[in-house]
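Reading through the structure tokens given below for one structure.
Protein chains: 2
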Amino acid sequence: MPLPVPVLPEGVDPAWLPPAAFRAVGGRRTLIRGSGPLVETVHGEVAEACRRFGGRVVRDASDDGPYDLVLGLGADGLGDEGFTLAREGGTTTVTASGGRGLLYGLFHVGRLGEAAFTGERSRRTHRPALALRMLDHWDNVAVHPVMGQVERGYAGGSLFWEDGRARGDLERVRAYGRLLAACGINAISVNNVNVHATEARLLTDRIGDVAAIAGALRPYGIRTHLSVSFAAPLLLGGLPTADPLDGAVRAWWAEATRRVYEAIPDFGGYVVKADSEGQPGPFAYGRSHADGANLLAAALEPFGGTVHWRAFVYDHRQDWRDRTTDRARAAYDHFVPLDGRFAPNAVLQVKHGPMDFQVREPVSPLIGAMPRTRLAVELQVTQEYTGQQRHVCWLGPMWSDVLGFPIEPGASVGESARGGLVAVSNAGDDPFWTGHPLAQANLYTFGRLAWRPDADPGAVLDEWIELTYGPGPAAGLHAVLDGSWRTYEKYTAPLGVGFMVQPGHHYGPSVDGYEYSPWGTYHFADRDGVGVDRSVATGSGYAGQYGKPWAEVYESADSCPDELLLFFHHVSYAHRLTSGKTVIQHIYDTHFEGVEEVEAARDVWAGLVDLVDPARHRRVAELFEEQLRSAREWRDQINSYFFRKSGVPDAHGRRIY
Amino acid sequence: MPLPVPVLPEGVDPAWLPPAAFRAVGGRRTLIRGSGPLVETVHGEVAEACRRFGGRVVRDASDDGPYDLVLGLGADGLGDEGFTLAREGGTTTVTASGGRGLLYGLFHVGRLGEAAFTGERSRRTHRPALALRMLDHWDNVAVHPVMGQVERGYAGGSLFWEDGRARGDLERVRAYGRLLAACGINAISVNNVNVHATEARLLTDRIGDVAAIAGALRPYGIRTHLSVSFAAPLLLGGLPTADPLDGAVRAWWAEATRRVYEAIPDFGGYVVKADSEGQPGPFAYGRSHADGANLLAAALEPFGGTVHWRAFVYDHRQDWRDRTTDRARAAYDHFVPLDGRFAPNAVLQVKHGPMDFQVREPVSPLIGAMPRTRLAVELQVTQEYTGQQRHVCWLGPMWSDVLGFPIEPGASVGESARGGLVAVSNAGDDPFWTGHPLAQANLYTFGRLAWRPDADPGAVLDEWIELTYGPGPAAGLHAVLDGSWRTYEKYTAPLGVGFMVQPGHHYGPSVDGYEYSPWGTYHFADRDGVGVDRSVATGSGYAGQYGKPWAEVYESADSCPDELLLFFHHVSYAHRLTSGKTVIQHIYDTHFEGVEEVEAARDVWAGLVDLVDPARHRRVAELFEEQLRSAREWRDQINSYFFRKSGVPDAHGRRIY
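Going down the list, the protein sequences come from chains E and H. For the first sequence, full-length UniProt numbering gives the first residue as 1, with consecutive numbering after it. For the second sequence, full-length UniProt numbering gives the first residue as 1, with consecutive numbering after it.
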């Protein structure tokens with residue numbers, strides 16, 4: 001039976017799958033061959049498109065058509081997710097070895113649009129570069145008193161959880177799965193890595209809730225994962241310990257995991273944040289993180305599951321007076337000694353930078369330093385530090401820079417990420433999915449870069465624009481989004497120094513907000529200069545964690561790239577950047593420019609009023625007002641702070657308070 | 001029937017009413033004369049003391065004794081609260097016109113102890129200087145998601161409210177009332193001035209909860225007041241407006257108030273925070289605060305009630321870039337034009353300083369500027385900005401300075417406070433009542449200063465020590481407490497500048513925490529100097545709100561007292577104080593001294609281990625560790641901040657980070 005296409009609730013934005021996305025397919029004659037659940041998904045999609053646009057679809061026919069499109073299982077050797085596409089003699093043919101490949105092939109045809117049905121195409125094989133393309137949802141089942149339902153969520157409540165349990169009506173979860181499949185995502189973790197009391201029980205007596213979600217996502221090729229508490233044997237099992245080397249603990253995890261697979265046969269595995277920011281972990285028992293990860297890996301191994309073990313381990317009770325500790329060093333210092341000790345089905349999940357998703361960080365040196373460990377790289381699609389989905393900040397260029405960075409000799413980050421690419425989701429039950437309608441572009445871009453890390457992000461952006469908005473406003477949208485990350489960087493913390501944000505919620509400026517905190521996030525600004533000395537020669541030694549050539553490049557303020565200067569060095573305000581400007585004048589200039597660029601983007605958006613759906617246009621226009629207010633606040637606080645400290649006037653005499 | 005003395009739950013500290021407080025009375029022969037509920041309270045007290053200490057008590061006997069103590073109603077002209085005390089021929093006699101006076105007389109005898117029963121005493125009359133001596137509890141009925149149950153409470157949950165309603169067992173409320181009566185407090189407002197949805201209903205369908213509390217407090221001479229929402233006619237009455245000049249609104253308040261008095265015949269009246277920090281008020285209808293206050297005054301007038309209208313009105317959405325607005329000016333600017341327009345039973349409740357209970361502020365100029373208005377002065381016993389009952393900070397000297405300040409020619413603040421003295425309570429359901437056992441001294445001192453504003457605070461302190469701890473540790477306790485406010489001032493924000501605290505919760509240092517906020521609390525530190533210019537000549541003009549001689553004294557940095565210098569002036573770090581020190585060296589010196597003084601106080605406390613009850617000693621010793629940690633954090637943040645800004649090294653080469 002063809003699977004019906006999910007019906008969006010009234011008022012919910014279709015994002016990059018409006019009906020028009022399948023106009024070209026829907027007007028044609030399609031033959032589908034093969035069997036299996038995902039073939040039914042493909043059939044349902046084509047049938048719905050034909051219903052709208054007048055084409056027709058035939059299943060497993062023995063005749064030769066004529067057909068405009070043939071979608072079929074059959075080819076070997078493409079893996080579960082690959083497909084081939086060819087066009088010959090007026091017929092476009094997609095062939096796959098497995099159902100997921102066929103679905104991805106269909107979405108590929110959708111992206112091509114009319115171009116899929118013109119001319120000839122020689123056979124080409126498409127395969128994802130990374131086998132795991134995963135979203136981590138930081139969703140709580142119960143609303144958390146401080147963090148709300150979705151931790152670092154800026155798009156309403158959870159798509160999965162409502163009133164303390166899985167949503168009864170999972171139609172929107174199905175629609176979400178469909179959107180994710182259309183950009184290539186194939187795994188989801190459905191709850192927050194900070195596992196609170198209610199959420200801990202998802203592993204055991206509430207696994208049925210997870211199974212329901214898994215059931216809704218499965219037809220879109222998405223496997224479901226779960227964040228678990230390392231202390232589960234204590235919390236849920238009544239054991240006196242959670243020691244990973246304890247026999248009873250191992251038995252408890254084995255049995256708990258067996259029951260999980262009983263409920264969800266294709267369950268993906270566990271995600272664990274251990275010994276981090278208050279979460280329990282193996283340190284309590286004098287065990288290593290490899291011991292901890294391998295405990296869960298052993299429980300998952302018989303069923304083909306994977307444990308994602310986060311490398312975000314650092315001392316969050318640091319003393320700002322102690323300059324010998326450097327949080328940036330922590331992940332490397334903790335994990336590199338463990339290389340080779342993780343089980344094959346344990347994936348070490350590493351944030352792309354050494355700190356925490358700032359607008360600008362160097363690539364984490366851990367990524368190139370564990371050749372005998374499967375690493376996954378974690379990005380943050382939710383805009384915690386990049387405007388919280390009230391600011392336009394399309395992160396494609398940043399992620400592309402990260403993924404293309406040659407962290408090892410001969411290997412980019414994208415290539416080192418053998419465990420996959422993971423991102424913290426930015427979606428919720430907001431009508432636009434992502435709060436800011438243009439933040440959809442981040443979700444889409446993440447999926448497409450996970451499929452192909454070396455894709456041109458600008459081309460991905462244009463693809464998203466074309467699917468979501470059609471050709472009318474494309475040039476304007478491209479102008480608004482393409483440079484928005486660099487614009488955001490300009491009006492916020494300068495030159496890689498990071499963390500000049502309001503404590504706790506992280507929205508808006510507070511230059512000294514974390515300067516005397518226990519969080520290890522300092523800038524050391526004084527009347528003479530600013531920045532963190534992380535050199536080997538005179539600083540924390542963090543620069544020495546890199547291989548060649550980066551250790552040398554970052555070691556000296558002369559060779560360090562401007563945009564990371566204050567991350568690696570404490571320099572005087574008079575220090576000259578490669579650009580020829582002094583640091584202080586760079587700060588002033590970028591902050592004035594950043595606000596001007598927001599004003600310009602707002603004006604471009606205003607000009608699109610007749611080319612964009614009114615609801616979308618209105619929401620974005622409203623948010624631009626907030627972005628502009630906030631950008632001015634950033635500009636004025638940062639400039640005032642550094643003017644008060646340095647005493648250096650702006651070379652152009654602009655207003656600083 | 002004599003009223004039984006309340007029984008403290010196991011483990012609850014007896015504070016300043018341990019059994020020994022009535023040892024002298026309890027061992028003697030006492031005659032009680034008169035009738036009425038408070039006479040029964042007196043009788044119960046004496047009977048309980050006699051039960052413990054072997055004396056006896058007789059009621060309304062016609063014989064002549066002999067009696068050691070005669071407590072009797074009878075004298076005229078002492079008012080409801082006054083009493084006379086005399087001793088002649090071996091008999092001590094307390095005479096009062098009303099029950100409260102008799103109860104206060106008994107507590108006075110208790111404070112005198114054995115001295116009440118030796119030698120002769122000529123008749124002396126005791127009367128409170130202020131008719132209203134009130135505590136405002138900022139207690140919520142329902143636990144507030146951010147503020148907890150007691151807003152700015154540091155002593156556990158509410159004494160009055162539990163699980164969303166009045167406590168069923170009011171024995172501890174009775175014990176609280178007894179403690180308050182023993183230091184002279186005669187009124188309580190039982191809920192937060194920020195009136196949330198649940199608490200708004202106390203006025204109407206939940207008045208029974210308030211009546212129960214009033215019933216428990218009445219035998220101790222304490223009248224109960226209620227904080228109400230100005231929007232009550234909308235919220236509770238279903239009216240379309242809360243306009244104070246609207247007839248239906250006036251009728252609604254009249255009827256609501258009538259019902260309140262039906263439930264609580266001696267109800268004290270309403271407390272209102274209007275048009276302040278988000279609370280509703282008359283501004284919404286284009287009416288004045290006199291219109292607002294008089295609306296409620298009119299409803300209360302037939303029943304003898306009073307409305308306390310808070311003068312804490314300012315713009316809390318200020319722009320830090322706008323130097324023309326000065327929050328310190330706000331109360332004066334709002335209210336002085338209304339002088340003479342408030343009803344006789346409306347009391348304008350004015351915080352003692354122009355800002356918000358900082359460790360050092362000038363006296364509010366509003367206090368001397370409204371001769372035709374009944375003003376009450378508001379203090380904050382709860383230590384929001386003075387260590388949150390984790391630090392020892394006895395506020396007696398500060399309050400005494402405030403109350404004795406000659407704000408008007410010929411009138412001190414204590415004399416101008418014709419509407420009474422009010423304080424935000426620091427008590428909760430903590431076993432020690434106030435979290436920090438030594439914070440009890442603040443509650444006691446407040447009551448005694450409200451009775452007699454010109455009392456020597458050191459003598460009040462010794463009185464509290466003697467009652468609470470007995471003579472053994474008295475010298476040590478005096479040493480620990482007497483200078484503790486100045487010690488706290490030394491290690492926190494310097495020279496009156498205020499508000500260098502962590503935003504939101506207000507515990508611990510954050511020099512720039514409010515510097516770029518909308519709250520109007522700035523210090524304007526730059527690399528050259530620090531402080532707020534509030535002069536008439538070059539600043540906000542706030543200094544001009546004072547009468548003579550203060551306007552002139554504060555106008556010039558040369559005549560402004562050192563301790564308020566940065567409140568009134570922006571000066572360079574090299575500015576020389578009256579003390580001869582530069583501002584920057586003063587900052588360094590006081591911060592090192594402050595920590596040393598905490599260390600010394602901790603050591604004194606440690607030496608009292610054999611002289612103090614173990615539970616009290618342990619709690620205080622633990623808290624001293626936190627105070628010391630926090631004081632060092634304050635010292636190091638403040639010193640580092642100003643060293644980084646000024647570049648001036650410490651003259652003594654001490655460690656600054």
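Every residue, glycine too, gets a C-beta built ideally from N, C-alpha and C. Since this is a predicted model, take the numbers as computed values, not measurements.
Using the beta-carbon of each residue, which ones in chain H are nearer than 8 angstroms to residue i?
i, result
"residue 518/E", "By Cβ distance, chain H contributes nothing, its closest Cβ being about 10 angstroms from residue 518/E, past 8 angstroms."
List, in order along the chain, the chain E residues whose C-beta lies closer than 8 angstroms to that of residue i?
i, result
"residue 527/H", "527, 644, 645, 646 and 647"
"residue 657/H", "320 and 321"
Looking at chain H, is there any beta carbon in it that lies within less than 8 angstroms of the beta carbon of residue i?
i, result
"residue 453/E", "no"
"residue 145/E", "yes"
"residue 637/E", "yes"
"residue 512/E", "yes"
Nearest to residue i by alpha carbon, out of the options?
i, options, result
"residue 224/E", "562/E, 203/E, 648/E and 537/E", "203/E"
"residue 168/H", "211/H, 195/H and 184/H", "211/H"
"residue 149/H", "551/H, 385/H, 92/H and 429/H", "429/H"
"residue 237/E", "255/E, 25/E and 227/E", "255/E"
"residue 367/E", "207/E, 547/E, 497/E and 448/E", "547/E"
"residue 75/E", "513/E, 482/E, 21/E and 33/E", "33/E"
"residue 641/H", "624/H, 543/H, 526/H and 582/H", "526/H"
"residue 570/E", "516/E, 524/E, 16/E and 229/E", "524/E"
"residue 141/E", "192/E, 123/E, 114/E and 111/E", "192/E"
Can you give the Cα-Cα distance for residue i and residue j, rounded to whole angstroms?
i, j, result
"residue 418/E", "residue 364/E", "15 angstroms"
"residue 622/E", "residue 467/E", "23 angstroms"
"residue 566/E", "residue 348/E", "29 angstroms"
"residue 427/E", "residue 138/E", "10 angstroms"
"residue 88/H", "residue 65/H", "14 angstroms"
"residue 264/E", "residue 441/E", "31 angstroms"
"residue 38/E", "residue 460/E", "25 angstroms"
"residue 133/E", "residue 377/E", "10 angstroms"
"residue 479/H", "residue 617/H", "16 angstroms"
"residue 587/H", "residue 580/H", "13 angstroms"
"residue 568/H", "residue 493/H", "14 angstroms"
Is residue i near the ligand COA, in the sense that its beta carbon is under 7 angstroms from a heavy atom of that ligand?
i, result
"residue 112/H", "Of ligands this structure carries none, so the ligand COA is not represented either."
Flag residue i as yes if its beta-carbon sits less than 8 angstroms from any beta-carbon of chain E, otherwise no.
i, result
"residue 321/H", "yes"
How is residue i classed by DSSP in three states: helix, strand or coil?
i, result
"residue 144/H", "strand"
"residue 88/H", "strand"
"residue 134/E", "strand"
"residue 215/H", "helix"
"residue 288/H", "coil"
"residue 445/E", "helix"
"residue 207/E", "helix"
"residue 468/E", "helix"
Just the chain H side, please: which residues come within less than 7 angstroms of residue i by C-beta, in chain order?
i, result
"residue 491/E", "Ordered by position in chain H, no residue passes the 7 angstroms Cβ test against residue 491/E, which lies about 15 angstroms from the chain."
Taking only beta-carbon positions, decide if residue i is within less than 8 angstroms of chain A.
i, result
"residue 354/E", "Here the protein chains are E and H, and chain A is not one of them."
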